[in-house]
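Residue numbers (the working numbering): 125 to 359. Just so you know, even glycine gets a beta-carbon here, dropped at the ideal spot from N, CA and C. Have a look at the structure below, then the notes.
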């Protein structure tokens, strides 16, 4: 029995990420091409070698605004989603420190923000693994005083129904960690949700026009502190 318990603990430690780190960055000035070469090459290679990193995926914000201009995006164009294994924020600190130092020492890199979140829901829908997919990211907050209603609505209604919006195939919610070393921009969003998307953003926008009635009761969602963007995979 002890061996079985140890096996189960090892399995959790080596396959269930404890944190999601969002590394949000921009190139320096007109250094876009050089930055992209560095971001997809040296930066990604070194990031994936770090011991706490389970998976690291790189993205560029889609030129299609899925909010129809209603919500300004997070001001960084490039995103790395990093799944981190380990038991505490000290493991994430290694990755945050690496990202901030890498941006600070790369001539083509500009500002960078490092936001740390932890999972608060299972992943609903398909597990896409390492298959390159577009992702949609919700950056959200609850209305003050309605945190419990917001969490229940998000987990039981929004996430479970997300795949009805073509081309979304999965959804997972994350809460902001108390441990932050944010860099250039504070993480003003209590929740982020990440959705795997297997079709163009124009298709997603069409699906948004006819949401299921059960998703319209969004009184606990703070629309004054909300945005969402689609991000294209960088391979």
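7 angstroms CB neighbourhood of residue i in its chain, flanking five on each side removed
i	result
residue 306	237, 238 and 239
residue 168	180 and 182
residue 262	316, 317 and 352
residue 244	297, 298 and 299
residue 346	265, 266 and 267
residue 308	235, 236 and 237
Rounded distance between the beta-carbons of residue j and residue i, thought under 8 angstroms
i	j	result
residue 257	residue 207	So it is not a contact: roughly 15 angstroms between Cβ atoms.
residue 339	residue 282	6 angstroms
residue 315	residue 264	5 angstroms
residue 247	residue 304	That belief does not hold up - the Cβ atoms of residue 247 and residue 304 are roughly 24 angstroms apart, past 8 angstroms.
residue 152	residue 234	4 angstroms
residue 293	residue 249	5 angstroms
6 angstroms CB neighbourhood of residue i in its chain, flanking five on each side removed
i	result
residue 155	232
residue 201	150 and 185
residue 203	148, 183 and 355
residue 415	Absent from the structure is residue 415, since the part of the chain shown begins at 125 and ends at 359.
Other residues of its chain near residue i: CB distance less than 8 angstroms, five sequence neighbours each side excluded
i	result
residue 285	336, 338 and 339
residue 222	170, 171 and 174
residue 242	142, 143, 144, 298, 299 and 301
residue 108	No answer is possible for residue 108: the residues shown for the chain start at 125 and end at 359.
residue 212	142
residue 218	174, 175 and 176
residue 130	Low local confidence applies: a pLDDT of 42 at residue 130 is under 50, so the model's placement there is unreliable, with the coordinate-based value given in what follows. Nothing listed; no residue qualifies.
Cα-Cα separation between residue i and residue j, rounded to whole angstroms
i	j	result
residue 176	residue 215	6 angstroms
residue 187	residue 323	14 angstroms
residue 220	residue 209	14 angstroms
residue 358	residue 148	14 angstroms
residue 290	residue 159	32 angstroms
residue 344	residue 273	6 angstroms
residue 280	residue 342	13 angstroms
residue 134	residue 348	For residue 134, the predicted model reports a pLDDT of 43, less than 50, meaning its position is unreliable; a value from the coordinates is still stated below. Answer to the nearest angstrom: the Cα atoms are 42 angstroms apart.
residue 312	residue 275	17 angstroms
residue 310	residue 251	30 angstroms
residue 227	residue 350	27 angstroms
residue 225	residue 277	39 angstroms
residue 255	residue 178	15 angstroms
Residue burial classification, residue i (beta-carbon count within 10 angstroms, cutoff 16)
i	result
residue 288	exposed
residue 199	exposed
residue 157	exposed
Min CB distance residue i to chain B below 8 angstroms
i	result
residue 244	The chain inventory of the structure shown lacks chain B, comprising one protein chain alone.
| Looking at C-beta atoms only, is the number of pairs between the stretch 317-335 and the stretch 150-170 that lie closer than 8 angstroms three or more? | no
| request: Specify whether the stretch 268-282 and the stretch 190-209 touch according to this definition: at least 3 beta carbon pairs, one from each stretch, less than 8 angstroms apart. | output: no
| field | the stretch 312-330 touching the stretch 345-358, judged by at least three CB pairs closer than 8 angstroms | value | yes
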